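Numbering (mature numbering (1 follows the signal peptide of the UniProt record, and there is no 0)), first residue to last: -16 to -1, 1 to 650.
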């Protein structure tokens, strides 16, 4: 109360324990007002008060009154409240004059209105704290991106370009439309708020790949249609040994596999172009084009005479093979899904799809390489892969359905031919036992049967099983006459190695047996591969053997009776005499005939044997003279050959025919 009364009596202002007269307060107020109005940039007020204190000290010296900073601040607060100075105080001491704030806003407004964007770094240079919040508050309709703040007109511009690309079946890189200051992540955010893109994605009319590329589904379908049309150029074949498809183009550049498995056509060689002309893009070239087209068995059996060797552990094998031709083994759960994904990657690797896509739409090459897993071209390839796999699977299943009947006919035909061949083999094999005591002749006869009877059936089996394997795996197989072509050793080995699993090892064992020295080992190997493939090996029983020998004797007798060529007559008559003597069918080459005749010596009447031996020796001389004959007129070799041949035809052949055809088995 006393202090208040004192202030009423003595006019003044009490601050910090000191009493200031109105005149002095007025003077200090003028100094503060002048200093505040002279400041044009954000300034720390305590430093201003220090300057004023220094100025007063210089004016009054040591005798002057010391003015506290709080006094200056109190006067300043009063001036600010009265509106004598304009600006704002932050954190109790940072003064930003109104002229500076006005200049800030004018600079921001001018730049933003002229460029439709402004970077946050520019606001930081203007000393505007929290630039994103500042811009959002000042321009509520603007769009705050990671690096810049843009006007809604930028979205409208991009939305128009994207909508046009989608509508016309093209693709577009939004970075080619947006200003250069907008980076990939910001382009992604702008794309996400484009109404036309949102609508297109909901209606499955467009897809976004990478940060900035928009592809119309019409464009994608156009690419897919072209790739689907030339599916053969992907070089897909089945790894028969593993039972799953692989791509023979892996690690190559547009190279295809062998001719029978792939097509060497390049997708880029087609007459029609896949690209269209993009719309007018102003000063910047719009990266985006469009496609040119927007339309996007039962086997025959003899119940009385046939005995089939059972298939070891492979009951109903043929039936299962046919049934399995139109479907793969089913796998469930996550493991199967991962296996299918891996298999689809093996069939259609990203690198190969990218090559084919660029062949169809070369303008996509500007999207860069595929080192980045998020590159638009790689993402497009990944998007196309399941579509290609689905198309290929449907095509393959359709082919498998048609191939099932072809496989049945193919294997049935092979079974019929095998039935006849294996019975003949077993029939002639029995004659080999007679020569076991004569290793030299036995080896010749074994080799002869391997070559004359084994080679054709091996070639037939390998070619047929190769076709069956290809048909089972959905591969194209042409109906050709190659069944009757004799294969080389290399061809047989190649076919055997391409067969699946155990069948391949059995086939290779069969080839080794064919190149061996024992006919019985070959027959065992043939039985093994037939059992492995689900075919039957018809066993020769006694009843069927008698029937075949009777037919063989009848046919051979007719041939001996009608044969007029003296050289061809000899092996036939020897075979007939061997049949009469041992009741076994014999197939012997010319160099073994002498040994067979020697073996027959004790089985034939002396007269018959003598004529047969004379016939053989004369025939050998005829063949030797024939080999030594020349075109020289003075050479008498031809005359001697003619004389001996006439002796065969006119004397020995009729006599031997009479003896043989009239001879009864003793």
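Built from N, CA and C at the ideal position, the CB exists for glycine as well. These figures come from a predicted structure and were not determined experimentally.
### Task
Determine contact between the segment 136 to 146 and the segment 180 to 187, defined as no fewer than three beta-carbon pairs at a distance below 8 Å.
yes
#### Entry: residue 568, enclosing alpha helix (DSSP H) - first and last residue
Translated into positions along the chain shown, residue 568 becomes position 584. Segment: none, residue 568 is in no alpha helix (DSSP H) and carries neither H nor E.
### Query
Are residue 682 and residue 491 close, meaning C-beta to C-beta below 7 Å?
Because the chain is modelled from -16 through 650, residue 682 falls outside the range shown and cannot be assessed.
### Query
CB residue 458 to CB residue 533, shorter than 7 Å?
Along the chain shown, read from residue 1 onward, the residue named residue 458 stands at position 474. Along the chain shown, read from residue 1 onward, the residue named residue 533 stands at position 549. Taking 7 Å as the Cβ cut-off, residue 458 and residue 533 do not qualify as a contacting pair.
### Query
Which first and last residues belong to the alpha helix (DSSP H) in which residue 368 is found?
Residue 368 sits at position 384 when you count from the first residue of the chain shown. 360 to 413 is the span of the alpha helix (DSSP H), which, as asked, contains residue 368.
### Query
To the nearest whole angstrom, what separates the beta carbons of residue 542 and residue 412, a pair I think is in contact under 8 Å?
Mapped onto the chain shown, residue 542 falls at position 558. Mapped onto the chain shown, residue 412 falls at position 428. Going by Cβ atoms, the distance from residue 542 to residue 412 rounds to 19 Å, so no, they are not a contact pair.
### Task
Measure from the alpha carbon of residue 511 to the alpha carbon of each residue in 406, 100 and 435, then state which is nearest.
In the chain shown, the residue the question calls residue 511 occupies position 527. Minimum Cα distance to residue 511 is reached at 406.
### Query
Are the segment 148 to 155 and the segment 163 to 176 in contact at 8 Å, needing three or more beta carbon pairs?
no
### Query
If you check the beta carbons only, do residue 196 and residue 138 fall under 7 Å apart?
Position 212 of the chain shown holds residue 196. Position 154 of the chain shown holds residue 138. No, the Cβ-Cβ distance between residue 196 and residue 138 is not below 7 Å.
### Cut-off 8 Å between Cβ atoms - residues of its own chain near residue 158, not counting five sequence neighbours on either side
Mapped onto the chain shown, residue 158 falls at position 174. Here the set comprises 142, 145, 146, 171, 174, 175, 196, 197 and 198.
### Message
For residue 598, tell me which candidate among 612, 501 and 635 has the shortest Cα-Cα distance.
### Response
Translated into positions along the chain shown, residue 598 becomes position 614. The option with the nearest alpha carbon to residue 598 is 635.
### Message
Need the endpoints of the alpha helix (DSSP H) that residue 435 sits in, please.
### Response
Taking the chain shown and counting its residues from 1, the one referred to as residue 435 is at position 451. Careful: residue 435 lies outside any alpha helix (DSSP H) and carries neither H nor E.
#### Entry: Identity of the residue in 362, 363 and 376 nearest residue 331 by Cα
For the purposes of this step, residue 331 is taken as the residue at position 347 of the chain shown. Checked all of 362, 363 and 376; the closest Cα to residue 331 is 376.
### Task
Using the Cα positions of residue 363 and residue 342, report the straight-line distance between them to the nearest angstrom.
Counted from its first residue, the chain shown places residue 363 at position 379. Counted from its first residue, the chain shown places residue 342 at position 358. Cα to Cα, residue 363 sits roughly 14 Å from residue 342.
### Query
Which full runs of the alpha helix (DSSP H) of 4+ residues lie inside the segment 600 to 641, going along the chain?
621 to 631
### Task
Measure how close the beta-carbons of residue 132 and residue 103 come, nearest whole angstrom, since I'm counting them as under 8 Å.
Indexing the chain shown from 1 puts residue 132 at position 148. Indexing the chain shown from 1 puts residue 103 at position 119. Going by Cβ atoms, the distance from residue 132 to residue 103 rounds to 5 Å, so yes, they are a contact pair.
### Query
Does the distance from the C-beta atom of residue 481 to that of residue 488 stay below 7 Å?
Along the chain shown, one-based indexing puts residue 481 at 497. Along the chain shown, one-based indexing puts residue 488 at 504. Yes, the pair counts as a contact, with Cβ atoms nearer than the cut-off.
### Message
When you compare the CB positions of residue 479 and residue 446, do they come within less than 7 Å of one another, or not?
### Response
The sequence position of residue 479 within the chain shown is 495, counting from 1. The sequence position of residue 446 within the chain shown is 462, counting from 1. In contact: residue 479 and residue 446 (Cβ atoms closer than 7 Å).
### Residue-chain proximity (residue 624, chain D), Cβ-Cβ < 7 Å
Included in the structure is just one protein chain, with no chain D present.
### Query
Are the segment 365 to 376 and the segment 200 to 208 in contact at 8 Å, needing three or more beta carbon pairs?
yes
### Query
By Cβ distance below 8 Å, which residues in the same chain neighbour residue 292 in space, the five residues on each side in sequence not counted?
Position 308 of the chain shown holds residue 292. Because residue 292 sits at a pLDDT of 42, beneath the cut-off of 50, its placement in the model cannot be relied upon, and the point is left open.
#### Entry: Anticipated Cβ contact below 8 Å, residue 515 with residue 486, distance rounded
Looking up residue 515 in the chain shown gives position 531. Looking up residue 486 in the chain shown gives position 502. Wrong, their Cβ atoms sit about 10 Å apart, outside the cutoff.
### Query
What separation, rounded to the nearest whole angstrom, lies between the Cα atoms of residue 653 and residue 555?
Because the chain spans -16 through 650 in this model, residue 653 falls outside it and cannot be assessed.
### Query
Is any heavy atom in the ligand ADP found nearer than 6 Å to the beta carbon of residue 609?
The ligand ADP is absent from the structure shown, which contains no ligands of any kind.
#### Entry: Length of the line joining the Cα atoms of residue 600 and residue 639
Indexing the chain shown from 1 puts residue 600 at position 616. Indexing the chain shown from 1 puts residue 639 at position 655. Approximately 13 Å between the Cα atoms of the pair.
### Closest Cα partner of residue 184 within the set 590, 15 and 148
Position 200 of the chain shown, counted from the first residue, corresponds to residue 184. Among 590, 15 and 148, the Cα nearest to that of residue 184 belongs to 148.
### Query
Shortest alpha-carbon distance to residue 626 belongs to which of 609, 637, 560 and 339?
Taking the chain shown and counting its residues from 1, the one referred to as residue 626 is at position 642. When only C-alpha atoms are compared, the closest one is 609.
### Query
CB residue 592 to CB residue 540, shorter than 7 Å?
By one-based count along the chain shown, residue 592 stands at place 608. By one-based count along the chain shown, residue 540 stands at place 556. The answer is no: Cβ separation not under 7 Å.
### Task
Could you please give the first and the last residue of the uninterrupted beta strand (DSSP E) stretch that includes residue 191?
The residue you call residue 191 lines up with position 207 of the chain shown. Element bounds for residue 191: 190 to 193.
### residue 157, DSSP secondary structure in three states
The residue you call residue 157 lines up with position 173 of the chain shown. Strand at residue 157.
### Query
Bridge partners of residue 199, per DSSP?
On the chain shown, residue 199 is found 215 positions in, with the first residue counted as 1. According to DSSP, residue 199 bridges with 155 and 191.
### Task
Report the residue from 113, 371, 164 and 190 whose alpha carbon sits nearest the alpha carbon of residue 209.
The count along the chain shown starts at 1 and reaches residue 209 at position 225. Of 113, 371, 164 and 190, the residue nearest in Cα terms is 371.
### Query
How many Å lie between residue 69 and residue 115 at the Cα?
Position 85 of the chain shown, counted from the start, is the residue given in the question as residue 69. Position 131 of the chain shown, counted from the start, is the residue given in the question as residue 115. Their backbone Cα atoms lie some 26 Å apart in a straight line.
### Message
What does the alpha-carbon distance come out to for the pair residue 633 and residue 513?
### Response
For the purposes of this step, residue 633 is taken as the residue at position 649 of the chain shown. For the purposes of this step, residue 513 is taken as the residue at position 529 of the chain shown. Straight-line Cα distance between these residues: approximately 48 Å.
### Message
At the level of alpha carbons, what is the spacing between residue 93 and residue 73?
### Response
On the chain shown, position 109 is the one that residue 93 refers to. On the chain shown, position 89 is the one that residue 73 refers to. Straight-line Cα distance between these residues: approximately 23 Å.
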